[in-house]
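Inspection log for the structure reproduced underneath, given as structure tokens.
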Amino acid sequence: GWPLIIYKVGILGWVKFWLMPWLGYHFWMSTFTMVHHTAPHIPFKPADEWNAAQAQLNGTVHCDYPSWIEILCHDI
1 GWPLIIYKVG ILGWVKFWLM PWLGYHFWMS TFTMVHHTAP HIPFKPADEW NAAQAQLNGT
61 VHCDYPSWIE ILCHDI
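Taking the UniProt record's numbering as reference, the numbering of the sequence shown is continuous, increasing by one, and the terminal residue is 76.
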């Protein structure tokens, strides 16, 4: 784990090889999750009206991205 990484490459190596990729990945995934689940036409219902099946069916949108993004995301 971390102690071995820090022992081998130091704190700056840990930042460069673990922390920065981790932050980049989470920024990327958070951005795309937000894009897919927030749009003006997606209904946000109160708890008493919420239905799990309807939320799954109506809670996401399809987005067409440039080809370079599709390649990075493996066409998900």
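We put the CB at the ideal spot given by N, CA and C, even for glycine.
Computed from a prediction, not measured in an experiment: that's the story for all the values here.
Query, Result
"Is there contact between the stretch 55 to 75 and the stretch 26 to 39, where contact requires at least three CB pairs shorter than 8 Å?", "yes"
"Flag serine 67 as yes when its Cβ comes closer than 8 Å to any non-hydrogen atom of the ligand ZN, and as no otherwise.", "The ligand ZN is absent from the structure shown, which contains no ligands of any kind."
"Does DSSP put proline 66 in a helix, in a strand, or in coil?", "coil"
"The alpha helix (DSSP H) spanning tryptophan 28 covers which residue range?", "20 to 37"
"Express the C-alpha separation of glutamate 49 and proline 43 in angstroms, rounding to a whole number.", "11 Å"
"Roughly how many angstroms separate the alpha carbons of tyrosine 25 and asparagine 51, rounded to a whole number?", "31 Å"
"Excluding sequence positions up to five away, which residues of its chain have a Cβ less than 8 Å from the Cβ of histidine 36?", "Thr60, Val61 and Cys63"
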